[in-house]
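Q: So the protein sequences, as listed, match chains S and R. Going by this note's numbering, the first residue of the first sequence is number 1, and it counts up by one from there. Going by this note's numbering, the first residue of the second sequence is number 1001, and it counts up by one from there. A virtual CB, placed ideally from N, CA and C, is assigned to each residue, including glycine. Please find one structure pasted underneath; my questions will follow.
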Amino acid sequence: MKRKLTRRGFLKAGGGALAGAYALGLAGCGGSEQGGSSKNLEFWGFDEGRVDFARAAYKSKAFKSKHGDVKINFRILPYEQMHNKLLTALVSGEGAPDIADIEISRFSLFIKGDHVPLLGLKKRMGDDINDIYRPAAVDPWSWKGEIYGVGNELNTVVMAYRKDILESAGVKLPFETWDDVIAAGKKVSTGDRKMFAIHDLSFGDHYMLMQEAGTAYFDANGNYNGDDPRSIEAMQFLHDLVYKYKIAGIAPAAANNTWAPPQYMAAFRAERFIATWGPPWHLSYFIDQVPDQEGKWTVQELPEGLGDSRPTANYGGTGQAITEQSGNPQASWDLIKAANLTKEGVLFDFKARTAYPAYKPAYDDPALAEPSDYFGGAKIGQIYSDIADALPAFRQSPVWADTTLAIQRDVITPVMSDKTDAKTALTEMKGTVEDLQKNQ
Amino acid sequence: MQPQLDEAGQAGARKTPPRGATSKRRWGGGRRSAVAPYLFLLPFFAIYCAFLLYPTFSALWLSFQKAVALDTPSFIGLDNYVRLVQDERYLHALRNTTVYALASVFILSPLALAVALAIRSFLVPSVNLKSFYRISLFLPFVTSLVVIALMFSLVFNKDFGLLNSFFRSVGLPELNWLGSERLAMVSIVLVGIWTYLGVNSLYFLAGLQNIPHELNEAAAIDGANRRKTFLYVTLPLLRPTILFVVIQATIFSYQLFEIPFLLTNGGPSDATLFLSPYLYEVGFSQFDRGYAAAIGYSMAIISIFLTVIQLLLYRRFNR
Chain S
1 MKRKLTRRGF
11 LKAGGGALAG
21 AYALGLAGCG
31 GSEQGGSSKN
41 LEFWGFDEGR
51 VDFARAAYKS
61 KAFKSKHGDV
71 KINFRILPYE
81 QMHNKLLTAL
91 VSGEGAPDIA
101 DIEISRFSLF
111 IKGDHVPLLG
121 LKKRMGDDIN
131 DIYRPAAVDP
141 WSWKGEIYGV
151 GNELNTVVMA
161 YRKDILESAG
171 VKLPFETWDD
181 VIAAGKKVST
191 GDRKMFAIHD
201 LSFGDHYMLM
211 QEAGTAYFDA
221 NGNYNGDDPR
231 SIEAMQFLHD
241 LVYKYKIAGI
251 APAAANNTWA
261 PPQYMAAFRA
271 ERFIATWGPP
281 WHLSYFIDQV
291 PDQEGKWTVQ
301 ELPEGLGDSR
311 PTANYGGTGQ
321 AITEQSGNPQ
331 ASWDLIKAAN
341 LTKEGVLFDF
351 KARTAYPAYK
361 PAYDDPALAE
371 PSDYFGGAKI
381 GQIYSDIADA
391 LPAFRQSPVW
401 ADTTLAIQRD
411 VITPVMSDKT
421 DAKTALTEMK
431 GTVEDLQKNQ
Chain R
1001 MQPQLDEAGQ
1011 AGARKTPPRG
1021 ATSKRRWGGG
1031 RRSAVAPYLF
1041 LLPFFAIYCA
1051 FLLYPTFSAL
1061 WLSFQKAVAL
1071 DTPSFIGLDN
1081 YVRLVQDERY
1091 LHALRNTTVY
1101 ALASVFILSP
1111 LALAVALAIR
1121 SFLVPSVNLK
1131 SFYRISLFLP
1141 FVTSLVVIAL
1151 MFSLVFNKDF
1161 GLLNSFFRSV
1171 GLPELNWLGS
1181 ERLAMVSIVL
1191 VGIWTYLGVN
1201 SLYFLAGLQN
1211 IPHELNEAAA
1221 IDGANRRKTF
1231 LYVTLPLLRP
1241 TILFVVIQAT
1251 IFSYQLFEIP
1261 FLLTNGGPSD
1271 ATLFLSPYLY
1281 EVGFSQFDRG
1291 YAAAIGYSMA
1301 IISIFLTVIQ
1311 LLLYRRFNR
């Protein structure tokens, strides 16, 4: 039988629903307890591959043996949304996950101000600190002597090039100096083909070469250092590759992906560019997206001739961090440890995404010593681990992200468009960075 | 049949029993009766207060505070507003947004009027064809701006884009539509025209349809040709519509976010930095919440200012 809904009934039901919603809201707002031993944890990430890496750690013996009854909900959100939501949740004091992936360029937002809303990991890490390449594994997520995140990727920068094309042009390989590279570039560059694709909408190329030259955007005290002569030399060199030596072109880019969008990879597929430099994640794009050129590429350390001539640089990475709202810091840390500080954990990511580990003991594993089919049989793992000790320290700053955006805007684009010179642009940037520091 | 009479003897008048008696029967008490309507309105006002009023006033309060990242906000008076006029990037974004607004007014609106006139005139004789044009012109407006931005990023692509392929095929030089400081703004304006031309011409079409045919016929009898009829009859009568379209276009321009954010991300070198994406950058990349709130309020002030002008001009033209 149909019951007629009276106004009184409606009001009662409405009132009940409101009261219920309020009660549920209160329960929902309860969130995770501070420093407790919650059995239900939350993990936020922005990259499916990286979240799979965390999931593998969750399923590992190292974690299950200690926390068999803990359940972790893995949530993947888009890059921007995840970092923004995380910051907002930490500001509001509610709703943050227990563990989160924080991309290297976003970490600086978490150290603006006096209070860092992440748990310090230095004590928990203990002697494990000696088993990692610090500039890649913890420096980018460290601030004022404390460690707030751990990454697994050894992002050592190497140079990669089309061995077949260069050898057929009579070029002697490997390159010893940048002068050799320029001479080779002049031999193989034509109207339709250049040696390198230099980015004019990203700071990456400059950042890598300035590290090779021996400097960084910030000094050890957090002061702007982009106007260091070695930084200017690196920027001028990038400009000259395009405009003076004419062995490089401007990298195809898109607004939502200024580094390696489809058109960038398509240009390599079409052999419009035949060489590049970058960390393992950059080279993995070639393996995935330029498969036809398997066996034709090779890698080597960076050639000498820029500033201090370091053989490598450090570029990119993502670290796992525990938020101050974590309901179970111990289980959260054990997950991070199982992922980043065990052979099993880091080898999972190596096999899944060719992420070379920053965890030193993993290099005993034969999988990392195997020659790479794509890079002409080169033993890449060996090359990376050989040069990893030369990785420069990562100098963090609360305005790191803002500074790199400003450098992209006011240095990289104008210099690579031949509208201003490297020295003027990098020197004038000092005032911009000081303003950023003043306002933060 | 006699109409039913009420107690006052008035035919058709509603029967209104004594107030207390009715309330008691239906609601069981006078006080409840007074409260009931408000209870029905309560959900709306609760949502309105929680999601509109509170954020509005909270943002206003925030704009008077230094609130960077996770630090406790501190009151700084009008400092954020003073910073606005000293911030070169804000002024640059304001200039870019104004350039886009002017393009909307002086390029988009006349084009929309021309399209509306073409649809209404003898150029499109069939009624079915007119309906087809109306629908197809409206489609870009209902398409997601994200989709439009992605689509045009392919059209404008320097290396593989549709536009440069066309240029190549006719022997013209390829252009760096989104990568050149000079062309990036032109590209954004072109996307704006493509997106909003249809809906604006529909506004004009509605305005044109409201002009009585008799006036045109009278003008024709008086010897006015098409040009004179348009200039002295159609255009003056379209003034309220023109005003509406122009002010709408200007206000929309100052709120534009998706197209520049997704197509150029403000680049190259801030050539297409608009106010809304700048607010987003300050709020979420720099996490300077107080200053971002001040930027938001400056945009609100601009919109209110333009709305007031709209109202004043409306009054003047409707006299």
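What does D402/S touch in chain R if you count any residue whose Cβ is under 8 Å from its own?
A: Taking the first residue of the first sequence as 1, we reach residue 402/S at position 402. Those within 8 Å of D402/S in chain R are S1285 and Q1286.
Q: Between the C-alpha atoms of F1287/R and A183/S, what's the straight-line distance to the nearest angstrom?
A: Counted from its first residue, the second sequence places residue 1287/R at position 287. Counted from its first residue, the first sequence places residue 183/S at position 183. Computed Cα separation, rounded: 46 Å.
Q: Using only the alpha-carbon positions, how far apart do P1240/R and V1282/R sit?
A: Your numbering for residue 1240/R matches position 240 in the second sequence. Your numbering for residue 1282/R matches position 282 in the second sequence. So the alpha carbons of these two residues sit roughly 38 Å apart.
Q: Quick check: the region 184 to 192 of chain S against the region 210 to 228 of chain S, are there 3 or more CB pairs under 8 Å?
A: No: the two stretches stay apart, fewer than three of their Cβ pairs being nearer than 8 Å.
Q: Nearest CA to the CA of P1212/R: which residue from L1256/R, L1084/R, F1252/R and T1234/R?
A: The residue labelled residue 1212/R in the question sits at position 212 within the second sequence. Selected option, being the one with the closest Cα: T1234/R.
Q: Which word fits K244/S, buried or exposed, when buried means at least 16 other C-beta atoms lie within 10 angstroms of its C-beta?
A: By one-based count along the first sequence, residue 244/S stands at place 244. It counts as exposed.
Q: What is the C-beta distance between T424/S and A406/S, in whole angstroms, given that I count them as a contact (C-beta under 8 Å)?
A: Sequence index remark: in the first sequence, residue 424/S carries index 424 (1-based). Sequence index remark: in the first sequence, residue 406/S carries index 406 (1-based). Incorrect: roughly 15 Å between the Cβ atoms, too far for contact.
Q: Are the C-beta of T423/S and some C-beta of chain R separated by less than 8 Å?
A: Walking along the first sequence from the start, residue 423/S turns up at place 423. Note that residue 423/S is Lys in the sequence shown, not Thr. Not closer than 8 Å to any Cβ of chain R, the Cβ of K423/S fails to qualify, so no.
Q: Could you tell me which whole beta strand (DSSP E) segments of length 3 or greater appear in the region 153 to 221 of chain S?
A: Within the region 153 to 221 of chain S, the complete beta strand (DSSP E) runs of at least 3 residues are 158 to 162 and 196 to 198.
Q: At which residues does the alpha helix (DSSP H) containing G377/S begin and terminate?
A: Translated into positions along the first sequence, residue 377/S becomes position 377. Per DSSP, G377/S belongs to no alpha helix (DSSP H) and is neither H nor E.
Q: Could you compute how far the alpha carbon of P154/S sits from the alpha carbon of A362/S?
A: As a first step, residue 154/S is located in the first sequence; it is residue number 154 there, counting from the start. As a first step, residue 362/S is located in the first sequence; it is residue number 362 there, counting from the start. This sequence places Leu at residue 154/S; Pro is not what is there. Cα to Cα, the separation comes out at about 12 Å.
Q: Specify whether the region 1300 to 1314 of chain R and the region 1243 to 1251 of chain R touch according to this definition: at least 3 beta carbon pairs, one from each stretch, less than 8 Å apart.
A: Yes, since at least three Cβ pairs between the region 1300 to 1314 of chain R and the region 1243 to 1251 of chain R fall closer than 8 Å, the two stretches touch.
Q: Which residue's Cα is closest to the Cα of D421/S: A339/S, R50/S and L238/S?
A: Residue 421/S sits at position 421 when you count from the first residue of the first sequence. D421/S has its Cα closest to that of L238/S, out of A339/S, R50/S and L238/S.
Q: I'd like the list of long-range same chain contacts for V1068/R, defined as Cβ closer than 6 Å, with 5 residues on each side in sequence excluded.
A: Within the second sequence, numbered from 1, the residue matching residue 1068/R stands at position 68. Counting only Cβ-Cβ distances below 6 Å, and skipping sequence neighbours, we find D1288.
Q: Would Y1254/R and A1101/R qualify as a contact pair, given that the criterion is a beta-carbon distance under 8 Å?
A: For the purposes of this step, residue 1254/R is identified with residue 254 of the second sequence, where counting begins at 1. For the purposes of this step, residue 1101/R is identified with residue 101 of the second sequence, where counting begins at 1. It is a contact, given that the beta carbons lie within the stated cut-off.
Q: Counting only the same chain and skipping the five closest in sequence on each side, list residues whose C-beta sits under 6 Å from that of G381/S.
A: Here residue 381/S is taken as the residue at index 381 of the first sequence, counted from 1. Once the five neighbours on either side are set aside, the close Cβ partners of G381/S are L368 and A369.
Q: If I'm right that W259/S touches S202/S with Cβ under 8 Å, what's the distance once you round it to whole angstroms?
A: Along the first sequence, one-based indexing puts residue 259/S at 259. Along the first sequence, one-based indexing puts residue 202/S at 202. Confirmed, about 5 Å.
Q: Under 7 Å, CB to CB, which of the residues in the region 107 to 118 of chain S have a partner in chain R?
A: Answer set for the region 107 to 118 of chain S: L109, K112, G113, D114, H115 and P117.
Q: For V1170/R, does the three-state DSSP call read helix, strand or coil?
A: On the second sequence, position 170 is the one that residue 1170/R refers to. Three-state result, V1170/R: coil.
Q: Which runs of the beta strand (DSSP E) at least 3 residues long sit entirely within the region 100 to 158 of chain S? Give them in chain order.
A: Runs found: none.
Q: At which residue ranges does the region 1116 to 1192 of chain R contain complete alpha helix (DSSP H) runs of 4 or more residues, listed in the order of the chain?
A: Runs found: 1127 to 1142, 1145 to 1155 and 1162 to 1169.
Q: Which of the three DSSP states, helix, strand or coil, is assigned to P366/S?
A: As a position in the first sequence, residue 366/S is number 366, starting the count at 1. Correct three-state label for P366/S: helix.
Q: Output yes if chain S places a C-beta closer than 8 Å to the C-beta of T1056/R; else output no.
A: Stepping through the second sequence from its first residue, residue 1056/R is reached at position 56. No, T1056/R lies away from the interface with chain S (no Cβ there is under 8 Å from its Cβ).
Q: Can the beta-carbon of I132/S be found closer than 8 Å to that of L41/S?
A: Translated into positions along the first sequence, residue 132/S becomes position 132. Translated into positions along the first sequence, residue 41/S becomes position 41. For I132/S and L41/S, no; Cβs fall outside 8 Å.
Q: Which residues in chain S have a C-beta closer than 7 Å to the C-beta of T1264/R? List them in chain order.
A: Locating residue 1264/R in the second sequence gives position 264, counting from the first residue. Per Cβ cutoff of 7 Å: A255.
Q: Residues of chain R with CB closer than 9 Å to the CB of V70/S, please, in chain order.
A: Within the first sequence, residue 70/S is the residue found at index 70, counting from 1. What V70/S touches in chain R: nothing, since even the nearest Cβ is about 28 Å away.
Q: Nearest to R1182/R by CA position, among Y1038/R, N1225/R, R1316/R and A1271/R, is which residue?
A: Translated into the one-based positions of the second sequence, residue 1182/R becomes position 182. Comparing Cα-Cα distances from R1182/R to each of Y1038/R, N1225/R, R1316/R and A1271/R, the minimum goes to A1271/R.
Q: I think I76/S touches V51/S, with their Cβ atoms under 8 Å apart; what is that distance to the nearest whole Å?
A: Your numbering for residue 76/S matches position 76 in the first sequence. Your numbering for residue 51/S matches position 51 in the first sequence. Rounded, the Cβ-Cβ distance is 5 Å, consistent with contact.
Q: Should V1082/R be labelled buried (16 or more other beta-carbon atoms within 10 Å of its own) or exposed?
A: Translated into the one-based positions of the second sequence, residue 1082/R becomes position 82. Result: exposed.
Q: Shortest alpha-carbon distance to G95/S belongs to which of D373/S, I387/S, S326/S and M429/S?
A: As a working mapping, residue 95/S is identified with position 95 in the first sequence. When only C-alpha atoms are compared, the closest one is S326/S.
Q: Please tell me whether T190/S has its Cβ less than 8 Å away from any Cβ of chain R.
A: In the first sequence, counting from the first residue as 1, residue 190/S sits at position 190. Not an interface residue.
Q: Under 8 Å between C-beta atoms, does N328/S make it to chain R?
A: Position 328 of the first sequence, counting from 1, holds the residue named residue 328/S. No, because no Cβ of chain R sits closer than 8 Å to the Cβ of N328/S.
Q: For a test of the three-state rule: what should DSSP assign to A1224/R, helix, strand or coil?
A: Residue 1224/R sits at position 224 when you count from the first residue of the second sequence. DSSP places A1224/R in coil when its eight states are reduced to three.
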